[in-house]
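In what follows, a structure is listed as structure tokens, so that the remarks can point back to it.
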Amino acid sequence: MIGPEEFPLFSQRFEFHSGENELYFLVKQYKEKEENWIDLTLSNPTKARLVYPSEAILHSLSKPGGIEYDPNPKGILSARETVSLYYRERGLDLLAEDLFLVSSSSEAYSYLIKLLCDPGDQLLIPSPGYPLFEFVSMMDSVDFDSYQLEEGSDWKINFSDLESKITSKTKIVFVVSPNNPTGNILSPEEFEKLKALAKKKKFAIVIDEVFIDYVEDPSLPRIDPSHSDVPIFTVNGISKILALPQMKLSWIHVSGQADWKSECKERLEIIADTYLSVGTPIQLALPELFQWRKMIQGQVQRRIQRNLQIIESQINGMRETEVAGVPGSQKDLPKIRIQNPQGGWYSILRSDLWKEEEEFCLQLLKEEKVLIHSGPMFGFTEGSGFLVLSLILENDVLEEGLNRLIRFANRYK
Ligand SMILES: Cc1ncc(COP(=O)(O)O)c(C=O)c1O
Numbered sequence: 001m002i003g004p005e006e007f008p009l010f011s012q013r014f015e016f017h018s019g020e021n022e023l024y025f026l027v028k029q030y031k032e033k034e035e036n037w038i039d040l041t042l043s044n045p046t047k048a049r050l051v052y053p054s055e056a057i058l059h060s061l062s063k064p065g066g067i068e069y070d071p072n073p074k075g076i077l078s079a080r081e082t083v084s085l086y087y088r089e090r091g092l093d094l095l096a097e098d099l100f101l102v103s104s105s106s107e108a109y110s111y112l113i114k115l116l117c118d119p120g121d122q123l124l125i126p127s128p129g130y131p132l133f134e135f136v137s138m139m140d141s142v143d144f145d146s147y148q149l150e151e152g153s154d155w156k157i158n159f160s161d162l163e164s165k166i167t168s169k170t171k172i173v174f175v176v177s178p179n180n181p182t183g184n185i186l187s188p189e190e191f192e193k194l195k196a197l198a199k200k201k202k203f204a205i206v207i208d209e210v211f212i213d214y215v216e217d218p219s220l221p222r223i224d225p226s227h228s229d230v231p232i233f234t235v236n237g238i239s240k241i242l243a244l245p246q247m248k249l250s251w252i253h254v255s256g257q258a259d260w261k262s263e264c265k266e267r268l269e270i271i272a273d274t275y276l277s278v279g280t281p282i283q284l285a286l287p288e289l290f291q292w293r294k295m296i297q298g299q300v301q302r303r304i305q306r307n308l309q310i311i312e313s314q315i316n317g318m319r320e321t322e323v324a325g326v327p328g329s330q331k332d333l334p335k336i337r338i339q340n341p342q343g344g345w346y347s348i349l350r351s352d353l354w355k356e357e358e359e360f361c362l363q364l365l366k367e368e369k370v371l372i373h374s375g376p377m378f379g380f381t382e383g384s385g386f387l388v389l390s391l392i393l394e395n396d397v398l399e400e401g402l403n404r405l406i407r408f409a410n411r412y413k
């Protein structure tokens, strides 16, 4: 190991806890040489055995224009128009001129932090929520604090907690809708309250809606971020819309009062021009790729729906089974609560059976060769007994994984 006295070159932003624990090494070992392990956390759609129109996708990437470099910081117009059309199909008026293409949602966050924050400024992120925000804030030298989503009210924003976290340094409040992993979607009432607060406290709202096409009940009322008098940035991309994360194309839509918006776009253009990170072939392919949206999303949606049914029947079935060798014991078995998401690719299970979440997950992996996320990874309070699993798994994989999890939970402790 190189000592700091020899090479005192590294930034202090790397001083965070490494994820290389016993569980990490076991997973690494299973990935290398264990066929019979089950990964209930798998959320990479390209590894979930979906059927992609592979030839057509690859063909659309081979347009002759892909060999030329003619950079446009906002992204090629035909690609932005495709994105705008996607919104029009959803009944929303988000114009190509207000869109900036980027390579990923994480990059979108990073651009927005550069646009709005100085080092030491603060972001507010939802909890429970997507762990990546913490890393993005570290990479961009800003601080973050979490605001609570309320379990008792279907994970709606706890506004008194949010308000109490706002300081003079707060520049951005992030919202994820549907949220990862709780699945709640931002209601129009919450949206109005948030906008009023943003106006009063002068922060921008960033809405990550990468899972918005995966909402269980299509009649749920949706928000419209397109014409707002407070700064709102909407982030989305094809990693979830088309289940193609490897293609690296996402976008930021800018909404806000007219004068502010034009200044904002000028600055965002400087940031985008500094990196010019989106490849030309994928931008040219976008209009064709979007034609596969319904076909790809249909498969994912069917998976999710079936998986939700499987979870329900397995967990309910558990109550009818006795703990091995102990007659009548199921009566004393702590309940497992399934919390059906409003949308997204994740499900959460809660039980007193796994109040020591990390230890439970490690033992489950050792004894049953099943990997599941422990809740605290997503900001659930330690000891509250939450586990998180992916809903885009093949149905029989999820079924077998749950079987093993229930078998293990029955004999744990
Ligand atoms: C809430 C949320 N936003 C964004 C992403 C990733 O998007 P991208 O691949 O565009 O960075 C994920 C990935 O799981 C996510 O959960």
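As numbered in UniProt numbering, residues 1 to 413 make up the sequence shown, in order. Ideal placement from N, C-alpha and C gives every residue a C-beta, glycine not left out.
8 angstroms Cβ cutoff met for residue i and residue j
i                 : j                 : result
phenylalanine 408 : glutamate 382     : no
glycine 237       : serine 43         : no
isoleucine 212    : valine 175        : no
glutamate 357     : phenylalanine 386 : yes
leucine 99        : serine 84         : yes
leucine 353       : tyrosine 412      : yes
methionine 295    : proline 53        : yes
asparagine 72     : glycine 129       : no
lysine 165        : asparagine 184    : no
lysine 240        : valine 278        : no
isoleucine 338    : isoleucine 311    : yes
phenylalanine 159 : lysine 193        : yes
proline 287       : threonine 46      : no
Whole-angstrom C-beta distance between residue j and residue i, which should lie under 8 angstroms
i              : j           : result
tyrosine 147   : leucine 124 : 5 angstroms
isoleucine 205 : valine 173  : 6 angstroms
alanine 272    : lysine 74   : 6 angstroms
valine 136     : glycine 343 : So it is not a contact: roughly 23 angstroms between Cβ atoms.
leucine 276    : leucine 242 : Not really, about 22 angstroms apart at Cβ, beyond 8 angstroms.
threonine 280  : glycine 65  : 7 angstroms
leucine 308    : leucine 40  : Their Cβ separation, rounded to whole angstroms, is 14 angstroms, which puts leucine 308 and leucine 40 out of contact at 8 angstroms.
Residue i versus residue j - alpha carbon distance
i                : j              : result
alanine 198      : leucine 26     : 45 angstroms
phenylalanine 7  : methionine 138 : 22 angstroms
isoleucine 38    : leucine 362    : 13 angstroms
proline 341      : glutamine 305  : 11 angstroms
serine 110       : asparagine 316 : 43 angstroms
tryptophan 251   : aspartate 229  : 21 angstroms
histidine 227    : aspartate 145  : 28 angstroms
arginine 80      : glutamate 269  : 14 angstroms
threonine 170    : tyrosine 30    : 43 angstroms
tyrosine 346     : isoleucine 392 : 8 angstroms
phenylalanine 10 : isoleucine 113 : 22 angstroms
arginine 404     : isoleucine 223 : 40 angstroms
alanine 196      : leucine 186    : 15 angstroms
glutamate 34     : lysine 28      : 10 angstroms
glutamate 15     : glutamate 134  : 13 angstroms
glutamate 365    : alanine 48     : Reading off the sequence shown, one finds leucine at residue 365, where the question assumed glutamate. Taking the straight line joining both Cα atoms gives about 20 angstroms.
glutamate 87     : proline 225    : The identity of residue 87 in the sequence shown is tyrosine, whereas the question assumes glutamate. C-alpha separation (whole angstroms): 11 angstroms.
aspartate 143    : leucine 149    : 20 angstroms
aspartate 161    : serine 374     : 24 angstroms
proline 131      : serine 390     : 15 angstroms
glutamine 283    : glutamine 297  : 20 angstroms
isoleucine 232   : proline 126    : 16 angstroms
glutamate 400    : leucine 92     : 41 angstroms
With 16 other Cβ atoms within 10 Å as the buried cut-off, status of residue i
i             : result
residue 414   : Shown here, the chain extends from 1 to 413; a query on residue 414 therefore has no answer.
alanine 324   : Its pLDDT being 49, under 50, alanine 324 is placed unreliably by the model, and the measurement read from it follows with that caveat. So alanine 324 ends up on the exposed side.
aspartate 259 : exposed
residue 445   : This structure cannot settle anything about residue 445, because the visible part of the chain is limited to 1 through 413.
alanine 56    : exposed
glutamate 107 : buried
glycine 328   : Only weak support exists for where glycine 328 lies, its pLDDT of 49 falling under 50; the value from the coordinates is given anyway. Per the 10 Å Cβ criterion, exposed.
aspartate 396 : exposed
serine 153    : exposed
valine 300    : buried
glutamate 163 : exposed
glutamate 89  : exposed
residue 414   : The question about residue 414 has no answer, for the chain in this structure spans 1 to 413.
leucine 220   : exposed
aspartate 121 : buried
arginine 267  : exposed
serine 262    : exposed
Contact with chain B by residue i, beta-carbon distance below 8 angstroms
i            : result
arginine 350 : The displayed structure is made up of one protein chain only, and chain B is not part of it.
- Item | Every unbroken alpha helix (DSSP H) inside the segment 186-259 [4 residues or more] | 188-201, 238-241
- Message: What ranges does the alpha helix (DSSP H) occupy inside the segment 30-94, keeping only unbroken runs of at least 4 residues that lie completely in it?
- Response: 54-60, 77-89
- Which ranges does the beta strand (DSSP E) cover as unbroken runs of at least 3 residues, wholly within the segment 126-162, from first to last along the chain? 143-150
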